[in-house]
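Note sheet for the following structure.
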Amino acid sequence: MNRVFGLETEYGITVNGAETVDVVAESIELVRRYTDHGAHMKWDYELEDPHLDARGFRAKALMQDTDESAYYEIDKNRPLSFEEIKSDLVLSNGARFYNDHAHPEYSTPECTTIRQIVTQDKAGERILAECARRRNLKLPSGQQVRLYKNNTDFFGHSYGCHDNYLMQRDVPWDRIVSSILPFLITRQIFAGAGKMGVEGESSSSQPGVYQISSRADFFSVVVSIDTMNRRPLINTRDEPHVDASRYRRFHVILGDSNMSEWATALKIGTTALVLDLIERGQAPQVEIAQAVDANKSISRDQTYDWIIELKDGRKISAIEVQRIYLRAASKIEGESAGDDRQWILQEWENVLNDLERDVMTTRDRVDWVAKKFLLNA
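Numbering (the numbering used here), first residue to last: 36 to 412.
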């Protein structure tokens, strides 16, 4: 496994004890606390263009452009410059830390091993906790900043944890989409963070339903460049931040924020191995019928059988879909059996076996199961 990858995590933020909370202002203040001791290296926007689409064109407009315009009108009235509002920093470990609308966002530096990505993700948690501590020193007595590494405020708003992977540019985009979609939809059985309730829908909302994914409710199309409105299962944003003639950045937005280091490692590791299969032209061909609905049904299935329908009418479990990819990844030839690859394959097989036998046996490593166990206690 030889690939560059990284994570972007948006954190929920509020202030306990305050009558009203301007979450944008609090996000700005939190990020700026990193500079209290003089550390201040700014982000370079030169290589950023969120309108570039991986399908080979530049989108004229994004669904979130309207939201961006609304934020701009509000921000004009703040006593801060654009740079101060974004507070966009490059940290000493190579990470990016900034105010992303109403959320502080931490993006890991580029990583090439599973240990690196887990370490840098955990470093982000520590950095935000320290910034919150510094911010609390400046708040009135009785008020306290609270941060949440989750994906919803339970008022219809979702914020993301995006995993990113460097890929070869010469792999056809359509092949990437068809090959990885079944894997990503079913990955939630071991990478989901879990939550109570069904969101994003009106009359069919079910507050008592426990889901294995905290993000599945918020996806409504299969492929799109948007990330905030009409979210897609496969995002087409094309900002590789490297030589675009040779590489692309595969931007995965349907994942949950994980607290479990094991879940972070397996989420990134298995996805990287599947991308290896795709680049080699060896990925299994599994065609899921109604992918958006399947993504939600897996998350909401109270039996944990996770049965979905294929385009040819056959039924298959999410566990079996994952086994198909596991078997293919295990057969990759010419790949050294490095520590990362060996660990990923073994843990992948172990968790599928455990989920099939008794989901509760995975509560020591799978976030959604640990959360379910606590709720049942």
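No residue lacks a Cβ here, since even glycine has one placed at the ideal position from N, Cα and C.
Note that the structure is a prediction, hence the values are computed from the model and not measured.
If you follow the alpha helix (DSSP H) that residue i is part of, which residue opens it and which one closes it?
| i | result |
| --- | --- |
| D374 | D374 to R392 |
| S62 | V58 to R67 |
| I224 | Q223 to A226 |
| N411 | D402 to N411 |
Rounded to the nearest angstrom, what separates residue i and residue j at their Cα positions?
| i | j | result |
| --- | --- | --- |
| W208 | Y69 | 39 Å |
| D311 | L390 | 25 Å |
| R65 | Q178 | Correcting the residue type first, residue 65 is Leu in the shown sequence and not Arg. Their Cα atoms are separated by approximately 14 Å. |
| G304 | P175 | 44 Å |
| S365 | L301 | 15 Å |
| L126 | R315 | 35 Å |
| D374 | D57 | 46 Å |
| V50 | A167 | 10 Å |
| D123 | V59 | 14 Å |
| P217 | A412 | 33 Å |
| A89 | V180 | 38 Å |
| G290 | V327 | 14 Å |
| S280 | Q337 | 46 Å |
| F225 | Q325 | 22 Å |
| V206 | E368 | 19 Å |
| S193 | F253 | 7 Å |
| L308 | L172 | 45 Å |
| T306 | M36 | 11 Å |
| T55 | L182 | 16 Å |
Cutting at 7 Å between CB atoms, please list the residues of its own chain near residue i, excluding the five before and the five after it.
| i | result |
| --- | --- |
| E384 | L361 |
| S292 | T44, K184, N185, N186, C196 and A228 |
| W297 | R400 |
| S62 | I48, N134, A137, H138 and P139 |
| N128 | P144, Q155 and A158 |
| V394 | Y339 and V404 |
| A53 | Q178 |
| R358 | L387 |
| F408 | M395 and R398 |
If I measure Cβ to Cβ from residue i and keep anything under 6 Å in the same chain, skipping five residues before and after, which residues do I get?
| i | result |
| --- | --- |
| K230 | Q246 and S249 |
| S214 | I313 and A318 |
| P242 | G232 |
| E405 | Strictly speaking, residue 405 in this sequence is Ala, with Glu absent from that position. Excluding residues within five positions, the ones whose Cβ falls inside 6 Å are R398. |
| A251 | N330, K331 and S334 |
| E382 | L301 |
| I152 | C146 and I303 |
Of the choices the options, whose alpha-carbon is the least far from that of residue i?
| i | options | result |
| --- | --- | --- |
| V257 | E322, P275 and D205 | E322 |
| I260 | T271, N185, T143 and D252 | T271 |
| D347 | Q320, Y46 and S280 | Q320 |
| Y141 | H197, I149 and S213 | H197 |
| I269 | V212, T396, A251 and L409 | V212 |
| L380 | A363, A167 and V394 | A363 |
| I333 | I220, E54 and I48 | I220 |
| R266 | V309, N330, Q223 and R222 | N330 |
| A164 | Y46, R93 and A251 | Y46 |
| Q223 | Q377, L410 and S352 | S352 |
| G191 | L410, M263 and G235 | G235 |
Which of the three DSSP states is assigned to residue i in this structure?
| i | result |
| --- | --- |
| Q317 | coil |
| D88 | strand |
| R358 | helix |
| F218 | helix |
| S237 | Confidence in S237 is poor, its pLDDT being 46 and thus under 50, which makes the residue's placement too unreliable to answer from. |
| R168 | helix |
| D188 | coil |
| L42 | strand |
| Q325 | coil |
| I247 | coil |
| T305 | helix |
| R284 | strand |
| G159 | helix |
Quick check: does the Cβ of residue i come within less than 7 Å of any heavy atom belonging to the ligand GDP?
| i | result |
| --- | --- |
| V287 | Among the components modelled here there is no ligand, and therefore nothing to report on the ligand GDP. |
Only counting the same chain, and skipping five residues up and downstream in sequence, which positions put a Cβ closer than 8 Å to that of residue i?
| i | result |
| --- | --- |
| S238 | Because the pLDDT of S238 is 41, which lies under 50, any placement of that residue in the model is unreliable, and the number read from its coordinates should be weighed accordingly. Same-chain partners within the cutoff: there are none. |
| A130 | Y141, S142, T143, P144, Q155, A158, G159 and I162 |
| Y282 | L201, M202, Q203, R204 and P275 |
| D71 | R169 |
| K350 | I342, I343 and E344 |
| N199 | F40, G41, L42, E43, R284, F285, H286 and V287 |
| S295 | R400, V401, D402 and A405 |
Where do the N-terminal and C-terminal ends of the beta strand (DSSP E) with residue i fall, by residue?
| i | result |
| --- | --- |
| N199 | C196 to Q203 |
| K350 | K350 to S352 |
| R181 | Q179 to Y183 |
| L268 | R266 to N270 |
| D135 | R131 to D135 |
| S295 | Run containing S295: none; DSSP gives neither H nor E here. |
| S255 | F254 to S259 |
| S142 | H138 to S142 |
| I48 | G47 to N51 |
| I367 | Per DSSP, I367 belongs to no beta strand (DSSP E) and is neither H nor E. |
| E344 | I342 to E344 |
Output yes if chain D places a C-beta closer than 8 Å to the C-beta of residue i; else output no.
| i | result |
| --- | --- |
| V386 | Protein chain content of the structure displayed is limited to a single chain, and chain D is not contained in it. |
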